[in-house]
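Encoded as structure tokens, the structure appears first; notes follow it.
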Amino acid sequence: MANIALYPGTFDPLTFGHLDMVIRASTLCSKLIVGVAENPGKHPLFSLEKRRKLVESEVNEMKAKGIISENVEVQSFKGLLTEFAKLADASMLIRGLRAVSDFEYEFQMASANKRLNQNLETVFLTASEKQHFVASRLVKEIARFGGDVSSFVPKIVEKELMIAFGKK
Ligand code: PNS
Numbered sequence: 003m004a005n006i007a008l009y010p011g012t013f014d015p016l017t018f019g020h021l022d023m024v025i026r027a028s029t030l031c032s033k034l035i036v037g038v039a040e041n042p043g044k045h046p047l048f049s050l051e052k053r054r055k056l057v058e059s060e061v062n063e064m065k066a067k068g069i070i071s072e073n074v075e076v077q078s079f080k081g082l083l084t085e086f087a088k089l090a091d092a093s094m095l096i097r098g099l100r101a102v103s104d105f106e107y108e109f110q111m112a113s114a115n116k117r118l119n120q121n122l123e124t125v126f127l128t129a130s131e132k133q134h135f136v137a138s139r140l141v142k143e144i145a146r147f148g149g150d151v152s153s154f155v156p157k158i159v160e161k162e163l164m165i166a167f168g169k170k
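In our numbering, the protein residues as written are 3 to 170.
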């Protein structure tokens, strides 16, 4: 049986924490779909297309370097996650847990998603020690005030942040 997993997120922007999750999640399934959500409610800084392209570019680079295998693909989606998961034939949702503060939101989301789609199991991976505090929200705040985000995000994301905040 194909064991398709979906790793959804807003990825606004993609961080090294997300990439760490992609690497680890990709070993747990036959195919991993990184699902970039439109998420208009969060008023993302970057467009859906830009976020998808940034994720895709890093995923392709990791494939080229042999860090991940060819079983990872990137797709964007609008609307309900559970509907996208059905269309993608995914049976597993991957989410990262950084701190206790993530738990309540993640628990609610996992429970709601389970009610909407009984065939979908949420699997939590703990963020790796090095990345456990990296959050897109913090990265944007640091970049907005001209701080150095190079240890949090890939080069291409750093460049886009600088453009977005008029620092270049
Ligand atoms: O990276 P994030 O912002 O924590 O990811 C949140 C995401 C995209 C997984 C969540 O907002 C989502 O699933 N959005 C799609 C709309 C949806 O299904 N909402 C109900 C979730 S119970």
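Yeah, the Cβ is synthetic: ideal placement off N, Cα and C, and Gly gets one too.
Residue i beta carbon near the ligand PNS (any heavy atom closer than 8 Å)
{"i": "residue 138", "result": "yes"}
{"i": "residue 81", "result": "yes"}
{"i": "residue 62", "result": "no"}
{"i": "residue 17", "result": "no"}
{"i": "residue 12", "result": "yes"}
{"i": "residue 39", "result": "yes"}
{"i": "residue 110", "result": "yes"}
{"i": "residue 115", "result": "yes"}
{"i": "residue 84", "result": "yes"}
{"i": "residue 44", "result": "yes"}
Residue i - containing alpha helix (DSSP H), residue span
{"i": "residue 97", "result": "No alpha helix (DSSP H) contains residue 97, which is instead part of the beta strand (DSSP E) from 94-99."}
{"i": "residue 25", "result": "18-27"}
{"i": "residue 90", "result": "83-90"}
{"i": "residue 8", "result": "That residue, residue 8, is in no alpha helix (DSSP H); its beta strand (DSSP E) goes 6-11."}
{"i": "residue 50", "result": "50-66"}
For residue i, the first and last residue of its enclosing beta strand (DSSP E)
{"i": "residue 79", "result": "74-79"}
{"i": "residue 39", "result": "33-39"}
Backbone CA spacing between residue i and residue j [nearest angstrom]
{"i": "residue 60", "j": "residue 29", "result": "17 Å"}
{"i": "residue 64", "j": "residue 70", "result": "6 Å"}
{"i": "residue 17", "j": "residue 120", "result": "30 Å"}
{"i": "residue 143", "j": "residue 84", "result": "31 Å"}
{"i": "residue 152", "j": "residue 138", "result": "13 Å"}
{"i": "residue 44", "j": "residue 164", "result": "20 Å"}
{"i": "residue 136", "j": "residue 91", "result": "30 Å"}
{"i": "residue 9", "j": "residue 118", "result": "17 Å"}
Closer than 8 Å: residue i CB and nearest the ligand SAH heavy atom
{"i": "residue 88", "result": "No copy of the ligand SAH occurs in the structure displayed; its ligands are the ligand PNS alone."}
Continuous alpha helix (DSSP H) assignments of at least 4 residues falling wholly in the region 109-159: If you keep only unbroken alpha helix (DSSP H) runs of at least 4 residues inside the region 109-159, you get 138-146.
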